[in-house]
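Written below as structure tokens is the structure these notes are about.
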Amino acid sequence: DQYIPEQRSWVRLWTVNLDNIFYYIKYHYGTGSVNCNGDFLKTISGFSKEGPQTIFLIGTHEACIQTVTNGVNKYGCVHTLKVNGEIVPE
């Protein structure tokens, strides 16, 4: 695959260490799909008081990506990954 610079702006990446295993999570903005170590995951779309969320499993760990907007189009949406209820830093 050839790297296209614009692609980076359409995905969000996180690295998570769970049970001494590293997982590389990639969230595709346009499609809402989630990739873990190169494999697409089954997801469930939901809605919470914080906004839309995408729910999935990383191994046996529950994870979700929450999408929050600050109402200012200039900054767009903020995507946050939570695993077992804890925010994963970027």
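For the sequence shown, the UniProt record's numbering assigns the number 1 to the initial residue and increments by one for each residue that follows. Here a beta-carbon is modelled for each residue, glycine too, at the ideal position from N, C-alpha and C.
- If you draw a 10 Å sphere on the C-beta of Y27, you find 16 or more other C-beta atoms in it, and that means buried.
- In summary, V78 is exposed, with fewer than 16 beta-carbon neighbours lying within 10 Å of its beta-carbon over all protein chains present.
- If you look at L41, you'll find it isn't in any beta strand (DSSP E); DSSP assigns it neither H nor E.
- As DSSP reads the structure, G46 sits in a beta bridge with Q53.
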